[in-house]
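First comes the structure, then the notes that go with it.
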Amino acid sequence: MLKSIALFILFSLCLLFNIAYADAQKNSIGHFSQLTQFTKQLGDPHKTLVVLDSDDTIIKMPCSDPLNPKQCQYLGGPAWFDWQSSLPANSSEKIASSFNELLLDENIMMAVSNMVYTESSVPKTLMALKKQGAIFLVETARNSNYSNNTNRQFAALKVNKNFSLSQFFAENSLIGLNNLPSLPSPYAPCGDKNARPVRYESGILYLAGQDKGKMLHCFLKTVHANQIQNIIFLDDEQKNADSVY
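Heads up, the sequence shown is in the working numbering, so the first residue is 1360 and it goes up one at a time.
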């Protein structure tokens, strides 16, 4: 099982005071490094929020067979989980007897794994965007229970010799009302008690699998975002770009 990753990008000119989008476009890109082209196109990068998915967009599970990457299953990653979920109940390749058991298996593999960058260009591109003045947000489908493991995985990845990935996002992301890149968490998004609790910590917004468009809309009302005039959203799943669009 191999998932071919295409990155779907949405960029928009928006008025965040009213959370009203003046214009928006969707595109697909083949490489993460192309992201800088869109920030230059929008202009005013210091007023641009770059929203990034985590898994299979900036990081991924390591390949168990690096000499034969085209056959790699990336065990425990989103593509692997989707593949396992789609298998018929009697498939010999199915490892779990129920969806909850599959979730547990994924949790275990995620907890013990270090991650790698999806592309070697990711660190250089992030630093180039930072130099332009862009502001960042990681919007991940991971549950907030993953926060400790996520911080560990991000801390193990270097953006340059001075910054880990976790430090990079903590220092270059939207700040909450407490002037930190975090919010008291977990909390109910938009005050909706029927929604699953979310967490914003060190520049990473944990959505517990909820709609990324709706959650982004709610989140921007809770942080200092008045300076943002442009949003670039990058995800390996088109459905997520569609929901933000």
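Beta carbons: idealized from backbone N, C-alpha and C, even for Gly.
Asked	Found
Thr-1398 to Ile-1454 span [Cα, whole Å]	43 Å
heavy atom of the ligand GTP below 7 Å from Thr-1395 C-beta	As presented, the structure is devoid of all ligands, the ligand GTP included, so that no description of it is given.
Three-state secondary structure assigned by DSSP to Leu-1411	strand
Status (buried if at least 16 other CB within 10 Å, exposed otherwise) for Phe-1458	exposed
Alpha-carbon to alpha-carbon, Ser-1602 and Lys-1490	29 Å
For Ala-1584 and Gln-1384, the rounded distance between their alpha carbons	21 Å
Cβ pair Gly-1435, Met-1474 closer than 8 Å	no
Inter-stretch contact at 8 Å, needing at least 3 Cβ pairs: the stretch 1534-1551 / the stretch 1518-1526	no
Proximity below 8 Å, CB of Leu-1566 to CB of Leu-1411	no
Endpoints, the alpha helix (DSSP H) within which Thr-1509 is located	1506-1514
Helix, strand or coil at Asp-1594 according to DSSP, with G and I counted as helix	strand
C-alpha gap between Asn-1589 and Gly-1562, whole angstroms	18 Å
The stretch 1512-1523 in contact with the stretch 1544-1558 per 3-pair CB rule at 8 Å	no
Given Tyr-1604 as reference, the closest of Cys-1422, Pro-1437, Asp-1570 and Lys-1580 once Cα atoms are compared	Asp-1570
Exposure of Lys-1598, with buried meaning 16 or more beta-carbon neighbours within 10 Å	exposed
Beta-ladder partner(s) of Glu-1560, from DSSP	Ile-1563
Beta-carbon separation (whole angstroms), His-1390 vs Ser-1480, contact threshold 8 Å	7 Å
Supposed close pair Leu-1542, Thr-1499 - CB separation, criterion 8 Å	Not quite, the Cβ-Cβ distance comes to about 15 Å (not below 8 Å), so this is no contact.
Residue environment, Gln-1512, which counts as buried when at least 16 other CB atoms sit within 10 Å	buried
Contacting residues, own chain, Cβ-Cβ under 8 Å from Leu-1461 (five flanking each side not counted)	Phe-1440, Gln-1443, Ser-1444, Ile-1454 and Ala-1455
Contact belief for Leu-1408 with Ile-1467 at Cβ below 8 Å, rounded distance in angstroms	No, Leu-1408 and Ile-1467 are not in contact; Cβ-Cβ is about 34 Å, not under 8 Å.
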